[in-house]
Every structure is written in structure tokens, then in C-alpha cells.
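S.K.: First the structure, then my questions, so here it is.
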Amino acid sequence: MTNTRSAWIVYLLLSGLTLFTWGVARAGYSGLGVTLLVLGVALLKGQMIGDWFMSLRGLRGFWRWVIVLWLLLVGGLITAAFMIATGG
Amino acid sequence: MDMHIKTTEQPTRPAQRRYPPGDLALWIFILAELSVFAVFFSAYAFTRAQHVELFSTYQATLDCNSALANTLVLITASFFVVRAVAAIQRDRSAETVRWLWLAVLMAGLFLLIKGHEYAHHLAAGVTLSTNTFYMFYLSLTFFHFMHVILGMLVLLVLAVRTRRGHYSAAEHTDIESGASYWHMVDLVWIVLFPLVYVMR
Amino acid sequence: MQYQSQRVAKPYFIAAIGLFVGQILFGLVMGLQYVMGDFLFPAIPFNVARMVHTNLLIVWLLFGFMGAAYYLVPEEAERELVSPKLALAMFWIFLVAGALTILGYLFVPYSSLADMTGNSILPTMGREFLEQPTITKLGIVVVALAFLFNIGATILSGRKTAVSLVLLIGLAGLAVMFLFSFYNPDNLVKDKFYWWWVVHLWVEGVWELILGSILAFVLIKTTGVDREVIEKWLYVIIAMTLITGIIGTGHHYYWIGTPAYWKWWGSIFSAMEPIPFFMMTVFAFNMVNRRRRNHPNKAAVLWALGTGVMAFLGAGVWGFLHTLAPVNYYTHGTQITAAHGHMAFYGAYVMIVLTMISYAMPMLRGREAANSNRSQVVEMWGFWLMTVSIVFITLFLTAAGILQVYLQRMSENPLPFMVVQDKLALFYWLREITGVVFLIGLVVYIASFFVGSREPEASVSPAPAEAGA
Ligand code: HEM
Ligand code: HEM
Ligand SMILES: [Fe+2]
Chain V
139 MTNTRSAWIV YLLLSGLTLF TWGVARAGYS GLGVTLLVLG VALLKGQMIG
189 DWFMSLRGLR GFWRWVIVLW LLLVGGLITA AFMIATGG
Chain E
34 MDMHIKTTEQ PTRPAQRRYP PGDLALWIFI LAELSVFAVF FSAYAFTRAQ
84 HVELFSTYQA TLDCNSALAN TLVLITASFF VVRAVAAIQR DRSAETVRWL
134 WLAVLMAGLF LLIKGHEYAH HLAAGVTLST NTFYMFYLSL TFFHFMHVIL
184 GMLVLLVLAV RTRRGHYSAA EHTDIESGAS YWHMVDLVWI VLFPLVYVMR
Chain H
26 MQYQSQRVAK PYFIAAIGLF VGQILFGLVM GLQYVMGDFL FPAIPFNVAR
76 MVHTNLLIVW LLFGFMGAAY YLVPEEAERE LVSPKLALAM FWIFLVAGAL
126 TILGYLFVPY SSLADMTGNS ILPTMGREFL EQPTITKLGI VVVALAFLFN
176 IGATILSGRK TAVSLVLLIG LAGLAVMFLF SFYNPDNLVK DKFYWWWVVH
226 LWVEGVWELI LGSILAFVLI KTTGVDREVI EKWLYVIIAM TLITGIIGTG
276 HHYYWIGTPA YWKWWGSIFS AMEPIPFFMM TVFAFNMVNR RRRNHPNKAA
326 VLWALGTGVM AFLGAGVWGF LHTLAPVNYY THGTQITAAH GHMAFYGAYV
376 MIVLTMISYA MPMLRGREAA NSNRSQVVEM WGFWLMTVSI VFITLFLTAA
426 GILQVYLQRM SENPLPFMVV QDKLALFYWL REITGVVFLI GLVVYIASFF
476 VGSREPEASV SPAPAEAGA
């Protein structure tokens, strides 16, 4: 059964992390380190959505990890692309 | 692959469940949708790698505040959807209807804000052919925009059907499916927002 | 067979198979002309043979779809067809119009045919696959409307199932997209742009709905798996088809003068088009593995599984091969395209029509559920001969295509088109020989309708579930 208290906590965390990302953008930071940090925050948020909102947390087997895998795939590809961009 | 489409009859003790909430067929659809977005995101990132200057220049023209508002709106909608599911699990369908309508409202708000951004670009003469950045920005966000519309319609139908008494604590697979779909729409935006607006 | 009016499917199926033979014969003629340029000169020029080959293909597939619909819809709607008479009348109109058109192609120079049929009033002729005289096109629209009315009214006044509704949407879409064949702008870019709305949105859009629903129907009937499960698969498949296939049209907009963003849109969305085809394969095998009973018509199950595999190979794999813009830049309009066209059309649409014929024909001819064992064995020989031939035709054309791309477009000293064609003769010969095997397979397939018809029906062995329990 969905727990409304943890939903509240996740909701507030997601909002807080969103504000953080926005703050980085407003401050005009750039560079690989900051960029990857922002990406990492997004992946963390995505993982929270998968675990708590989509309720994958309590499962076992493939479906437990499906969102995590997607995030790692997308995150990995984006990271690679950004590293190529700064490297070359 | 072993396909039990109906997943409601599985044991309720969390540690034993194998399938996500909602209809498994819908989850396969979600997977397919996520792979389209994954390809789109990587195409963006790798193309950017060849035009870093161009991308940063035009990323700077985007309205970060609208994007912030929209991210918060989507997260809030997702939260409402979670509450709707929680309510129907407790057999409180009137409450479920209220949460669903609130989520629909949020989805509508997203469309309004995004529409406003589009109107701004349009007025500035920006089109898909303006440059590669705008091509990606407009395509990606618009593809997502269409998903918000679809998700909103799904939530709307669920609200109406819940109101008519279609769902209960015992049977609410559709609500769980619709909720999962909506969270997917949210999830995609959670990656899209930093990628397109913030990461330079 | 539960409803009398299902019988109207039979002439449609017979005509389909008849025209199929014609299609293959003209394919063989062309195949020979590829290596012996003056074969049948001047009686049947290559361009005429090509037109006949492709138009016969489309027309017999349409016959097949209509027959399938007439067989499937009463059973799904649980009522007789609204008007079996209308269905029969349309059969004859379509057959005569089709035959006259083909004869026109063969015996009248194309430009005279255009004059004779008043093409100048509403010019629509002269474009690949849409070569039919305008009046034939109008005839097709009339037949399609009468057909849609007939099955639409039957479905809407009877039991509505996912299978029949998806079929109806697919068939209505088929008719609607065909209307773009009447739009023939002077601007060549626009012309090509909308031409693909017929060709691409047919085979990678609405026809896929037809394919999905027929496959679902046959699987429900032969495996006994819950309709609910099968219908969910069907929904997921068609949703994915439409999401990827509609914008996927862009893979034809790379080099025709459309804006550059199509390179991205076309590449990304069409790269996802194999997903629904893959789902169909998994779907077919999954349902057969979970079957509740063994159906005596083993040939029909084989065709259904074959459709899943070959559609994925032909459309999914061979489509993906050349769908990304940077690849298509080199392969556009080469033998790679022809290779893909053959395996995709055969694997998806030829095979689904033959699946339905295989399932329905025994009942239409008075059997309880299936043909005799002997007839089925012969039919399965036909299946393997034709399927293996098309695989080899595809492989030979792919080899020819790779060589062509290299010699003509990639090497240091690119060679002219015709010089390259000469160098590919070996592959063209192999294609022609394989084509003959295909024809033999087709003959064997047709023979299966005539052997073992006096022998008793094939019987059922116990289902794995029962046997295991
Ligand atoms: C059953 C489904 C399909 C059929 C029957 C089919 C058939 C065909 C045919 C006949 C052509 C040649 C058209 C012409 O230029 O005259 C063609 C072209 C093409 N098809 Fe398909 N196709 C199918 C599915 C797909 C899929 C799923 C993909 C991509 C994944 C694909 C990718 C392409 C591409 C890229 C071309 C253009 C080739 C070129 O540039 O010359 N097709 N298809
Ligand atoms: C069921 C079987 C067959 C199907 C579905 C089929 C389908 C098609 C299609 C869709 C095209 C147009 C291709 C394109 O535009 O790229 C075509 C062209 C052609 N087909 Fe077939 N065909 C079949 C069997 C054969 C056979 C057995 C042969 C001969 C051995 C053959 C020889 C040809 C030739 C030579 C062309 C012309 C290609 C060109 O324009 O260069 N076909 N066929
Ligand atoms: Fe296409």
C-alpha cells in the first residue's frame, strides 16, 4: 500500500533538487564538473520517481531495476557525449 | 518471457512481488517509449558535442524560470497521482477523484506555460530550421508536450470513471496503469529539463 | 464456420491466389530482363512488367485483406454480414476493374492508356505503385467504401471486440490514405511528400493494424489463449506502430527537398519502427507456447509464426539496415531497397494473408477445422519453399546492393550505373534461379488445395498442459 508520508518526503526532496538545478542555471555556472553534477541530480530524481512514485522499490527481478537501468543508460551516454565535447 | 498480464493477484507482501503496479502490457509500452526518448536524448548530446558553441549560445535564450515552474508543476502532478492511488487503495473514491482532477489541472498548467514559451519563440521567428539547437529543443520538448497531453487525457478519463464508481480498493488496475504512465511523462521531463535548459 | 455469410470470403481468397501467380510470373520476366536485356522485347518492356508485378501484388493483398475481413468480422461480431450480396457484387467489380487495368498496361502504351481513360481531367497516373488510371482509382474508392460500409455496419451492430475494431480502423485508414493518390501537385517535392503518405503510411502504419488484428484473430482461434491477454498485446503493438511509424515517414524525406530536420525525425522515429514488429514475433511465439489446446490446423500455426519471424526480419532488420540518414545517403534507391522491399512485403503482408487463408479455407471448403494431414504436409512444403526462396532472394539482392553501393558510390573511382549493373550479373542470375524455386513453392502450395481432400481431417494430439498434468 502506498505510504503518503514517504510520498510527501519524496515530493519535497524532488522540489528541492529542482530548485538546486535551477539555481545552477541562474548562477550561470558551466563546465564539465557542474554539468555532470546537475546530470547526477537528475538521475537521482529519476531514481526516486521510479522507486517511490512508480513503486518499484519492493519488487524483485527485472522490473525492480528497469528505471535504474534506463537512467544509467541515458546518463552514461550523455556523460560520454559531454566528455567528448570537452575533451576534443 | 513469462507474461502474466494481470498483476493484481500477486502476493501483497512487497518483498515477493515481481511485477510493477498496473497492467504489464502498459509497462512494455512504457519501456518502448522510454527507449525512444533515450535515443532522442543521446542524439541531442552527441550532436551538441560537435556544436558546443552554438548550443550554449542558444541555450542561453531559453526561459529557465518557465522550465523551473514547469518542472515543479509536473512533480506536483505526480505527487497528486500518487495520492490518488493511495486513496483508491483505501477505497476512498471521492478523494481519488479530487486528486486526479488536481493532477489534470497541473498537466493543463504545464501545457499553458509551455505554450507561452512556444508563443514567445514563434514571435521571435524561431522554427525547426533556424539551427540545430532549436531543431532539437523544439522537437524534444514538443514530443514530450504531446505525451503530457496524452497523459492528461488518461488522467481525465480515470477521474470520470472513478467518479462513476468503476474502481475500488479491490480492482483499480487501470488507475495504477495510468499513474505509471504519468510518472513516466514526469521522469522524462526530469532528464530533459537539465539536459536542454541547464547543461552547457 | 459459424455464419453463412463468411462464405463470401472464398472467392476473394481464390482471386488473391490467382493474382499472386501472375505477380510472380512477371517478377520472373523482370528478373530475366535484368540479365538478358532484350527478353520479350518489345512485347513486354521492363517498366510495364514492373508495374504489373507491383500492382498485382497490391491488388491481391487487398483481395486478401477483404476476404480476411469478411471471414473474421461475422465471427467477432457474432452476427451475419449486413449484406453478403454487396460483398459479392464488389468482388466482381473489383476483379473486372483490376483485370481490365492489367490488360490495359499490357496491351496499350501507357500514354495512350492515360489518354483513353481521361487522365488529363484529373491527372493521377505515372507514379510508382499508383500507376492505375484515374477511373480505376475511383473504382477502388467505391469498392472500398462499399466494403467499409458492409463490415463497419456489421461490427457496429454486433459484438465489438478489440480485434474487429483495430481491423476496422486499419481498413478505414487504408482507404483514407489512398485518397492522397488523387493529390498530384506540380511541385515535385510536394508530390513525393504526399506519395509517401500512401505508400509508407500504408505498409508502416495502417496495414500494420490489419496485420496485427488478423494475427491476433488466428492466434485466439488456434491457441485458445484468453482473448483478454491477446487483445492487450494488440493494443500495445498498434500504439507503438503509430507512435514510431507516423513520424517515421521522415526516413523517405532525406533527399527529396524537404527541410533538414527530417533527417533527425526520420532517423530517430523510424529506428524505433522495428519494436512493434519485434513485439509481434514475441507475441506469436508466446501465445503458441502458452496454448491451451493443440489446433489440428498445424499449417495455419506455422504460417502465423512465420509471419512473426519474417515480418521482423524483412521490415524490422532489413528496414533498420538502411533507415538512418547517414546510411541511407549511400544506399538510397539501390538493390538494398529492393531486398528490403521483397522480404518485408512477403514476410508481413503476403504471409499474413496466407495465414488467414490457411486458417479459413478448410472451413470454407466444408471441413470441421483443418485439412487432412497429407494436404497440410504439402502446404508446409509450399511454406518452406517460398519462405526460404525469399530469404535467398533477399540475401542475393543485399549482396548485389552492397557491391553496388561500393562500386558506384563509395570507392575511390566510382563507376557509372550501367557498368556496375553488369558486374552484378552473377547475383541477378542467382536471384532469378531462386525466383524459379519460389514459383515451384507457389505451385506446391496451390497443389495442397487439391491433394488429400478425400482423406479424413487431421486429428488433435493432446495439449501440452493436459498431457503434463
Ligand atoms: C512491412 C513493412 C514494410 C514494407 C512492406 C516495406 C516496403 C518497402 C518498399 C517496397 C520500399 C521501396 C519503396 C520505393 O522506393 O519504391 C521501402 C523503402 C524503405 N523502407 Fe520499408 N517497408 C516496410 C517496413 C520498413 C521499416 C520498419 C523500416 C525501418 C526500420 C523501413 C525502412 C525503409 C527505408 C529507409 C526505405 C527507403 C529506401 C531507399 O532510400 O531507397 N521499411 N520499404
Ligand atoms: C511474394 C513474392 C514477391 C514480392 C512480395 C515482391 C515484391 C516486390 C516489390 C515490392 C517490388 C518493388 C521493389 C522496390 O521498389 O524496391 C518488386 C520489384 C521487383 N521484383 Fe518482386 N516480389 C516478389 C517476388 C519476386 C520474384 C520471385 C522475382 C523474380 C525472381 C521478383 C523480381 C522483381 C524484380 C526484378 C523487381 C524490380 C526491381 C527493380 O525495379 O529494379 N519478385 N517486387
Ligand atoms: Fe517507410
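Residue numbers (our numbering), protein chains in the order written: chain V, 139 to 226; chain E, 34 to 233; chain H, 26 to 494.
Cβ coordinates follow ideal geometry from the N, Cα and C atoms, glycine included.
As the structure is a prediction and not an experimental result, all values here were calculated from the model.
What is the chain-ordered set of residues for which the beta carbon lies under 6 Å from any non-hydrogen atom of ligand 3?
M.R.: H/HIS225, H/GLU229, H/HIS276, H/HIS277
S.K.: Could you give the C-beta distance for H/ILE235 and H/PHE90, rounded to a whole number, given that I count them as a contact under 8 Å?
M.R.: 6 Å
S.K.: Starting from the C-beta of E/TYR77, find all residues in its chain whose C-beta is less than 8 Å away, skip the five residues before and the five after it, and write them out in chain order.
M.R.: Around E/TYR77: PHE169, LEU173, LEU228, VAL229.
S.K.: In chain B, which residues lie less than 9 Å from V/ARG143 when you measure between Cβ atoms?
M.R.: Among the protein chains of the structure shown, namely V, E and H, there is no chain B.
S.K.: What does the Cβ neighbour count give for E/HIS149, buried or exposed, with the cut at 16 atoms within 10 Å?
M.R.: exposed
S.K.: Is there a C-beta anywhere in chain E that falls below 8 Å from the one on H/MET150?
M.R.: no
S.K.: Could you pull the start and end residues of the alpha helix (DSSP H) that H/THR459 belongs to?
M.R.: 450 to 472
S.K.: Would you list, in chain order, the members of the segment 297 to 322 of chain H that have their beta-carbon closer than 9 Å to a beta-carbon of chain E?
M.R.: MET297, ILE300, PRO301, MET304, VAL307, ASN311, ARG315
S.K.: Between the alpha carbons of E/ASP219 and E/VAL181, how many angstroms are there, rounded?
M.R.: 9 Å
S.K.: Mind checking whether the beta-carbon of H/ASN319 lies closer than 7 Å to any heavy atom of ligand 1?
M.R.: no
S.K.: Identify the contact partners of E/ALA203 in chain V, using a Cβ-Cβ distance below 8 Å as the criterion.
M.R.: Those within 8 Å of E/ALA203 in chain V number zero; the least Cβ separation is about 13 Å.
S.K.: Note down, in chain order, all residues in the segment 262 to 288 of chain H with a beta-carbon under 9 Å from any beta-carbon belonging to chain E.
M.R.: ALA264, MET265, ILE268, THR269, ILE272, PRO284, ALA285, TYR286
S.K.: Closest Cβ-Cβ distance between E/ASP207 and chain H: below 8 Å?
M.R.: no
S.K.: Looking at C-beta atoms only, is the number of pairs between the segment 343 to 355 of chain H and the segment 318 to 333 of chain H that lie closer than 8 Å three or more?
M.R.: no
S.K.: Could you tell me whether the segment 263 to 282 of chain H touches the segment 150 to 169 of chain E, using the rule of 3 or more Cβ pairs below 8 Å?
M.R.: no
S.K.: Anything in chain E within Cβ reach of V/TRP203, meaning under 7 Å, just list it in chain order.
M.R.: Per Cβ cutoff of 7 Å: no residues; V/TRP203 is ~11 Å from chain E at best.
S.K.: Following a CB-centred definition, is H/VAL60 positioned closer than 7 Å to any heavy atom of ligand 2?
M.R.: For H/VAL60, the distance from the CB to the nearest heavy atom of ligand 2 is not below 7 Å.
S.K.: Sort H/TYR431, H/PHE51, H/PHE88 by Cα distance to H/HIS78 and report the nearest one.
M.R.: Relative to the Cα of H/HIS78, the nearest Cα in the group H/TYR431, H/PHE51, H/PHE88 belongs to H/PHE51.
S.K.: Over what stretch of residues does the alpha helix (DSSP H) that includes H/TRP117 continue unbroken?
M.R.: 109 to 132
S.K.: Can you give me the C-alpha to C-alpha distance between H/GLY249 and H/MET405, rounded to a whole angstrom?
M.R.: Rounded to the nearest angstrom, the two C-alpha atoms are 22 Å apart.
S.K.: If you check the beta carbons only, do H/GLY129 and H/VAL84 fall under 8 Å apart?
M.R.: no
S.K.: What is the C-beta distance between V/ARG202 and V/LEU210, in whole angstroms, given that I count them as a contact (C-beta under 8 Å)?
M.R.: No, V/ARG202 and V/LEU210 are not in contact; Cβ-Cβ is about 14 Å, not under 8 Å.
S.K.: Given the structure, does H/GLU298 come close to ligand 1, in the sense that its CB is under 7 Å from one of the ligand's heavy atoms?
M.R.: yes
S.K.: Would you identify the three-state DSSP class for V/MET186, choosing helix, strand or coil?
M.R.: Judged by DSSP in its simplified three-state form, V/MET186 adopts helix.
S.K.: Can you tell me the Cα-Cα spacing of H/ALA34 and E/LEU57, whole angstroms?
M.R.: For H/ALA34 and E/LEU57, the distance between alpha carbons rounds to 36 Å.
S.K.: What in chain V is Cβ-close to E/VAL224, meaning under 7 Å?
M.R.: ALA180, GLY184, VAL212
S.K.: Could you check if H/PHE337 is buried or exposed, using at least 16 other CB atoms within 10 Å of its CB as the buried criterion?
M.R.: buried
S.K.: Might you give, ordered along the chain, the residues of its own chain that have their beta carbon closer than 7 Å to the beta carbon of H/ILE76, omitting 5 neighbours on each side?
M.R.: According to the sequence shown, residue 76 of chain H is Met rather than Ile. When the five nearest sequence neighbours on each side are left out, the beta carbons in the same chain lying within less than 7 Å of the beta carbon of H/MET76 are those of TYR130, GLU156, in order along the chain.
S.K.: I'd like to know if the segment 166 to 179 of chain V and the segment 109 to 123 of chain E are in contact, where contact means that at least 3 CB-CB pairs between them fall below 8 Å.
M.R.: no
S.K.: Between the Cα of H/LEU451 and those of H/VAL461, H/SER108, H/ALA425, H/ARG252, spot the shortest distance and give me the residue it belongs to.
M.R.: H/ALA425
S.K.: Would you mind sorting H/GLY339 into buried or exposed? The rule is 16 or more other CB atoms within 10 Å of its CB.
M.R.: Only buried fits H/GLY339, as 16 or more other CB atoms lie within 10 angstroms of its CB.
S.K.: Less than 7 Å between C-beta atoms, sequence neighbours within five positions excluded: which residues of the same chain meet that for H/HIS225?
M.R.: Excluding five sequence positions before and after H/HIS225, the CB atoms of its chain that fall closer than 7 Å to its own CB belong to THR274, HIS277, given in chain order.
S.K.: Around the Cβ of H/VAL468, are there at least 16 other Cβ atoms within 10 angstroms (buried) or fewer (exposed)?
M.R.: exposed
S.K.: When DSSP labels each residue in this structure, what does H/LEU103 get in the three-state scheme?
M.R.: In the sequence as presented, Leu is not what sits at residue 103 of chain H; that position holds Glu. Looking at H/GLU103 - three-state DSSP - the assignment turns out to be coil, as it is neither helix nor strand.
S.K.: Would you check whether ligand 1 has a heavy atom nearer than 7 Å to the C-beta of H/PHE302?
M.R.: yes
S.K.: Under 7 Å Cβ to Cβ from H/SER206, same chain only, skipping five residues before and after it: list those, please.
M.R.: THR149, LEU155, LYS162, VAL223
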